[in-house]
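Read the structure below first, then the notes.
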Amino acid sequence: MTPPDETLTQDGLAEARQGRILLVACGALAREILDVRAANGWTHLDLQCLPANLHLWPDRIVTAVEAVVRDRRADYEQIFVVYADCGTGGQLFEKCKELGVEMVEGPHCYSFFEGNEVFARHSESEITAFYLTDFLVRQFDAFVWRPMGLDRHPELRDMMFGNYTKLVYQAQTNDPALDARAQDCAARLGLAYERRFTGYGDLVPVLARVAG
6 MTPPDETLTQ
16 DGLAEARQGR
26 ILLVACGALA
36 REILDVRAAN
46 GWTHLDLQCL
56 PANLHLWPDR
66 IVTAVEAVVR
76 DRRADYEQIF
86 VVYADCGTGG
96 QLFEKCKELG
106 VEMVEGPHCY
116 SFFEGNEVFA
126 RHSESEITAF
136 YLTDFLVRQF
146 DAFVWRPMGL
156 DRHPELRDMM
166 FGNYTKLVYQ
176 AQTNDPALDA
186 RAQDCAARLG
196 LAYERRFTGY
206 GDLVPVLARV
216 AG
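Going by the working numbering, the first residue of the sequence shown is number 6, and it counts up by one from there.
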């Protein structure tokens with residue numbers, strides 16, 4: 006059973022050891038990884054998620070990933086890191102190389118959900134787009150509204166988002182309730198709304214390769 010989003014945001018997820026490969030991932034990806042694993046019967050993959058709110062302090066991601074890899078290395082045949090760069094400025098890639106573990110390619114989850122090649126083609130024409138995934142739609146207040154102080158100072162909205170033109174909701178699932186929430190997020194930010202169904206993007210072939 007997937008923990009509530011609030012738990013994944015604050016605490017992450019630590020499964021009991023059962024398989025021979027450990028996925029070290031962001032809590033924001035837990036639902037998607039668990040769904041892909043269940044759909045393919047990859048019971049030999051264990052999942053440990055770090056708190057999703059580490060993204061509010063990207064420099065802490067590298068340290069947290071390193072700690073898990075060093076602590077769990079002896080328990081598994083292989084460890085794979087299900088983080089993209091995620092604002093670490095290449096530091097996570099260098100740390101994974103130092104530790105001898107692989108990680109997901111791409112600058113962030115928006116890229117690999119859409120597919121890194123497709124996202125790269127869009128990036129130059131979408132420099133004024135603000136992206137949300139399923140998880141971030143559900144956790145919009147925890148990751149956007151409150152950390153940016155917009156709950157206390159809504160007058161800051163135009164200063165912070167004045168250079169954006171649209172909110173792109175990258176939908177991993179077809180959920181009308183999430184669609185409505187994403188549209189509300191766009192309205193609260195004063196942005197045009199675009200829904201783009203991505204599914205799980207590059208996450209599926211990446212996990213398939215790791216699962217063997």
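Cβ atoms here follow ideal geometry from the backbone N, Cα and C, with glycine treated the same way. Just so you know, these numbers come straight off a predicted model, no measurement behind them.
Asked	Found
Three Cβ pairs or more, each shorter than 8 Å: is that satisfied between the stretch 115-131 and the stretch 199-207?	yes
Would you call the stretch 42-54 in contact with the stretch 21-30, where contact means no fewer than 3 C-beta pairs closer than 8 Å?	yes
Among the candidates Glu122, Tyr88, Thr178, Arg201, whose CA atom is the shortest distance from the CA of Met108?	Tyr88
Give every residue of the same chain whose Cβ lies closer than 8 Å to the Cβ of Phe98, excluding the five residues on either side of it in the sequence, and list them in chain order.	Asp90, Met108
Counting along the chain, where does the alpha helix (DSSP H) carrying Leu137 start and finish?	Run containing Leu137: none in the alpha helix (DSSP H); it sits in the beta strand (DSSP E), 134-137.
Are the CB atoms of Leu172 and Cys190 nearer to each other than 9 Å?	yes
Return the residue from the list Thr14, Gln15, Asp40 that minimises the CA-CA distance to Met6.	Asp40
Taking the straight line between their C-alpha atoms, what separation do you get for Ala134 and Asn168?	9 Å
Return the CA-CA distance between Phe85 and Trp150, expressed in angstroms with no decimal places.	32 Å
Count the other CB atoms within 10 Å of the CB of His158; is the residue buried (16 or more) or exposed (fewer)?	exposed
Is it buried or exposed, Leu58, if we count other Cβ atoms within 10 angstroms and call 16 or more buried?	The sequence shown places Asn at residue 58, not Leu. Classification for Asn58: buried.
If you follow the alpha helix (DSSP H) that Gln15 is part of, which residue opens it and which one closes it?	10-15
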